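Residue numbers (the numbering used here): 208 to 394.
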């Protein structure tokens, strides 16, 4: 199925070529060669080859039909590209994403565990997050709070209140803490 003169992978030890030919044959017999011949289109698949030192390398195997003047398949070009570095980077990104998701869950747990009313408010005064204490104090779910203007939800107003800690924080660039009496409640 695979001609003996086909170079499987540059740098692969001769003793490994037979093993790699078997892998390539399995790849080809899986219908990829037939598809390439029938559709006259390029097909690619990721696989793993063994280097001379016994280590494995991730490869992108591509089969491209070579067409003659009459648009008939006259041969097949087999191409192997080392994608080991890309695979390592993908795994690192996956691990980072999992770590970020874990950190976000941990942060949300700590945020929700606080007995104090805590909210995250955007520069345009929209609630981005509200902890459980804030939801209880406002008598609303997080879904009802997030995305709405803080001064509308807390103060029933169409603009920030006088002495608003959010306004001061935006002006100074520093965190602000205030105690506010609104609707008979202290915030």
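The beta carbon of each residue, even a glycine, is placed where N, CA and C say it ideally should be. All of these numbers come straight from a predicted model, not from anything done at the bench.
Sort out for me which residues DSSP pairs residue i with in a bridge.
i	result
residue 291	Beta-bridge pairing links residue 291 to no other residue.
residue 263	257
residue 271	284
residue 392	389
residue 321	None, per the DSSP bridge assignment.
Does the Cβ-Cβ distance between residue i and residue j come in under 9 Å?
i	j	result
residue 341	residue 392	no
residue 312	residue 326	no
residue 266	residue 283	no
residue 366	residue 390	no
residue 251	residue 273	no
Within the continuous alpha helix (DSSP H) that includes residue i, where are the two ends?
i	result
residue 375	372 to 379
residue 361	357 to 362
Which value, in whole angstroms, describes the spacing of the CA atoms of residue i and residue j?
i	j	result
residue 236	residue 243	At residue 236, the pLDDT of 47 sits below 50, so the modelled position is not reliable; the number obtained from the coordinates is stated separately. Whole-angstrom Cα-Cα distance: 12 Å.
residue 254	residue 277	33 Å
residue 334	residue 358	10 Å
residue 373	residue 301	36 Å
residue 409	residue 286	No information on residue 409 is available, as it lies outside the stretch 208 to 394 that the chain covers here.
residue 275	residue 247	11 Å
residue 305	residue 245	42 Å
On the DSSP letters alone, give me the boundaries of the beta strand (DSSP E) that residue i sits inside.
i	result
residue 198	Here the chain has residues from 208 to 394 only, and residue 198 is not among them.
residue 353	Premise fails: residue 353 is in no beta strand (DSSP E) and is neither H nor E.
residue 328	326 to 328
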